[in-house]
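>
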Amino acid sequence: MKKEICMKGKPSALQEFAKSKTRAKAEARKLPFAELEKLIKSLNEALEAEKAKEEKKLEQERLATIDKINNLLADTGLKPEDLKKTKKTRGKAKGAKAGRKMGKVPPRYRLVIDGKEHLWSGRGRTPRVFQEYFDAGNSRESCEIQS
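Sequential numbering from 209 applies to the sequence shown in the working numbering.
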(Lines of atoms letter the chains of each structure in order from A and count residues from 1; the text may use other names and numbers.)
(Lines give C-alpha, C1' and ligand atoms only; values in the text may rest on other atoms or scores of the structure.)
Protein backbone atom coordinates (compact mmCIF):
# COMPACT_ATOMS: atom_id res chain seq x y z
CA MET A 1 0.00 0.00 0.00
CA LYS A 2 1.68 3.21 -1.18
CA LYS A 3 0.93 6.59 0.25
CA GLU A 4 1.37 9.56 -2.03
CA ILE A 5 1.15 12.96 -0.45
CA CYS A 6 0.69 15.57 -3.11
CA MET A 7 -0.24 19.21 -3.01
CA LYS A 8 -2.47 20.29 -5.90
CA GLY A 9 -1.34 17.42 -8.13
CA LYS A 10 2.40 18.07 -7.73
CA PRO A 11 4.55 15.34 -6.20
CA SER A 12 6.60 16.31 -3.17
CA ALA A 13 10.36 16.84 -3.39
CA LEU A 14 10.93 13.58 -1.51
CA GLN A 15 8.86 11.69 -4.04
CA GLU A 16 10.93 13.19 -6.84
CA PHE A 17 14.15 12.10 -5.11
CA ALA A 18 12.74 8.63 -4.54
CA LYS A 19 12.10 8.27 -8.28
CA SER A 20 15.58 9.36 -9.37
CA LYS A 21 18.75 8.34 -7.57
CA THR A 22 20.78 10.70 -9.78
CA ARG A 23 18.67 13.70 -8.88
CA ALA A 24 18.80 12.81 -5.18
CA LYS A 25 22.60 12.62 -5.33
CA ALA A 26 22.79 15.96 -7.15
CA GLU A 27 20.62 17.65 -4.52
CA ALA A 28 22.57 15.99 -1.70
CA ARG A 29 25.82 17.49 -3.05
CA LYS A 30 24.31 20.97 -2.65
CA LEU A 31 23.80 20.50 1.11
CA PRO A 32 26.53 20.85 3.71
CA PHE A 33 27.56 17.53 5.26
CA ALA A 34 26.06 18.32 8.68
CA GLU A 35 22.68 19.24 7.17
CA LEU A 36 22.72 16.12 5.02
CA GLU A 37 23.35 13.94 8.08
CA LYS A 38 20.56 15.71 9.96
CA LEU A 39 18.18 15.19 7.01
CA ILE A 40 19.06 11.49 6.80
CA LYS A 41 18.55 11.11 10.56
CA SER A 42 15.15 12.81 10.35
CA LEU A 43 14.10 10.64 7.41
CA ASN A 44 15.22 7.47 9.22
CA GLU A 45 13.22 8.48 12.30
CA ALA A 46 10.16 9.13 10.13
CA LEU A 47 10.68 5.77 8.43
CA GLU A 48 10.87 3.95 11.77
CA ALA A 49 7.70 5.70 12.95
CA GLU A 50 5.86 4.67 9.76
CA LYS A 51 7.14 1.10 10.12
CA ALA A 52 5.87 0.99 13.70
CA LYS A 53 2.44 2.27 12.60
CA GLU A 54 2.28 -0.30 9.80
CA GLU A 55 3.30 -3.15 12.13
CA LYS A 56 0.70 -2.07 14.67
CA LYS A 57 -1.96 -1.96 11.96
CA LEU A 58 -0.99 -5.43 10.67
CA GLU A 59 -1.07 -6.82 14.22
CA GLN A 60 -4.56 -5.38 14.75
CA GLU A 61 -5.72 -6.93 11.47
CA ARG A 62 -4.21 -10.26 12.49
CA LEU A 63 -5.95 -10.16 15.87
CA ALA A 64 -9.25 -9.23 14.20
CA THR A 65 -8.88 -12.19 11.85
CA ILE A 66 -8.15 -14.50 14.77
CA ASP A 67 -11.28 -13.20 16.52
CA LYS A 68 -13.36 -13.88 13.40
CA ILE A 69 -11.99 -17.42 13.19
CA ASN A 70 -12.67 -18.04 16.88
CA ASN A 71 -16.23 -16.75 16.44
CA LEU A 72 -16.74 -19.05 13.45
CA LEU A 73 -15.42 -21.98 15.45
CA ALA A 74 -17.73 -21.15 18.34
CA ASP A 75 -20.74 -20.74 16.03
CA THR A 76 -20.15 -24.06 14.29
CA GLY A 77 -19.17 -25.97 17.42
CA LEU A 78 -15.78 -26.93 16.04
CA LYS A 79 -12.56 -27.06 18.02
CA PRO A 80 -9.08 -26.04 16.83
CA GLU A 81 -8.05 -29.72 17.01
CA ASP A 82 -10.65 -30.48 14.32
CA LEU A 83 -8.79 -28.15 11.96
CA LYS A 84 -5.50 -29.91 12.65
CA LYS A 85 -7.08 -33.28 11.83
CA THR A 86 -8.42 -31.91 8.56
CA LYS A 87 -5.05 -30.52 7.60
CA LYS A 88 -3.38 -33.90 8.03
CA THR A 89 -5.89 -35.75 5.89
CA ARG A 90 -5.55 -33.39 2.97
CA GLY A 91 -2.63 -34.14 0.72
CA LYS A 92 -0.73 -31.80 -1.46
CA ALA A 93 -1.31 -32.01 -5.16
CA LYS A 94 1.27 -34.32 -6.63
CA GLY A 95 2.94 -34.01 -9.94
CA ALA A 96 5.69 -32.12 -11.62
CA LYS A 97 6.10 -28.48 -10.82
CA ALA A 98 5.47 -26.46 -13.93
CA GLY A 99 8.43 -24.61 -15.31
CA ARG A 100 10.94 -26.15 -12.92
CA LYS A 101 13.97 -27.63 -14.61
CA MET A 102 16.18 -30.07 -12.84
CA GLY A 103 19.89 -29.38 -12.93
CA LYS A 104 22.28 -31.57 -14.89
CA VAL A 105 23.67 -34.47 -12.90
CA PRO A 106 27.01 -36.14 -13.61
CA PRO A 107 26.83 -39.76 -14.79
CA ARG A 108 26.96 -42.38 -12.06
CA TYR A 109 27.10 -45.53 -14.19
CA ARG A 110 29.24 -46.43 -17.23
CA LEU A 111 29.03 -49.41 -19.56
CA VAL A 112 31.29 -50.14 -22.51
CA ILE A 113 29.61 -52.47 -24.99
CA ASP A 114 31.19 -53.20 -28.39
CA GLY A 115 33.61 -50.31 -27.86
CA LYS A 116 30.79 -47.83 -27.32
CA GLU A 117 30.55 -46.06 -23.97
CA HIS A 118 27.11 -45.67 -22.38
CA LEU A 119 26.59 -43.27 -19.45
CA TRP A 120 23.64 -42.95 -17.07
CA SER A 121 23.05 -40.70 -14.07
CA GLY A 122 20.94 -43.28 -12.25
CA ARG A 123 17.88 -41.06 -12.47
CA GLY A 124 14.77 -41.60 -14.48
CA ARG A 125 13.95 -44.64 -16.53
CA THR A 126 16.74 -47.17 -16.89
CA PRO A 127 18.19 -47.04 -20.43
CA ARG A 128 17.69 -50.19 -22.50
CA VAL A 129 21.43 -51.01 -22.59
CA PHE A 130 21.66 -50.87 -18.81
CA GLN A 131 18.40 -52.79 -18.33
CA GLU A 132 19.63 -55.62 -20.57
CA TYR A 133 22.91 -55.65 -18.64
CA PHE A 134 21.07 -55.88 -15.30
CA ASP A 135 18.65 -58.52 -16.63
CA ALA A 136 21.66 -60.65 -17.59
CA GLY A 137 22.41 -60.98 -13.87
CA ASN A 138 24.91 -58.15 -13.46
CA SER A 139 24.63 -55.67 -10.61
CA ARG A 140 24.51 -51.89 -10.66
CA GLU A 141 27.64 -51.78 -8.53
CA SER A 142 29.63 -53.49 -11.29
CA CYS A 143 29.13 -50.57 -13.68
CA GLU A 144 29.24 -47.78 -11.11
CA ILE A 145 31.81 -45.08 -11.84
CA GLN A 146 34.46 -45.04 -9.11
CA SER A 147 35.36 -41.52 -8.02
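The beta carbon of each residue, even a glycine, is placed where N, CA and C say it ideally should be.
So, helix, strand or coil for PRO240, using DSSP?
coil
> Could you confirm whether any beta carbon from chain C is found closer than 8 Å to the beta carbon of LEU271?
Reference to chain C is not applicable here, since this structure consists of a single protein chain.
> For LEU319, which residues does DSSP report across the bridge?
HIS326
> Look at the alpha carbon of SER228 and the alpha carbon of PRO219, and state the distance between them as a whole number of angstroms.
13 Å
> Can you give the Cα-Cα distance for ALA272 and ARG333, rounded to whole angstroms?
52 Å
> Please report the straight-line C-alpha distance between ALA344 and GLY311, rounded to a whole angstrom.
Going by the C-alpha atoms only, they are around 32 Å apart.
> Using DSSP's beta-bridge definition, name the partner residues of GLU352.
TYR317
> So what's SER347 in DSSP terms, helix, strand or just coil?
coil
> By the 10 Å Cβ neighbour count, where 16 or more other Cβ atoms means buried, how is PHE338 classified, buried or exposed?
buried
> If GLU352 and TYR317 are in contact, beta carbons under 8 Å, what's the gap, nearest whole angstrom?
6 Å
> Where does GLU262 sit, in a helix, a strand or coil, going by DSSP?
helix
> Tell me, to the nearest whole angstrom, how far the beta carbon of PRO315 is from that of TRP328; I am working on the premise that it is less than 8 Å.
Contact flag correct, Cβ pair sits at about 6 Å.
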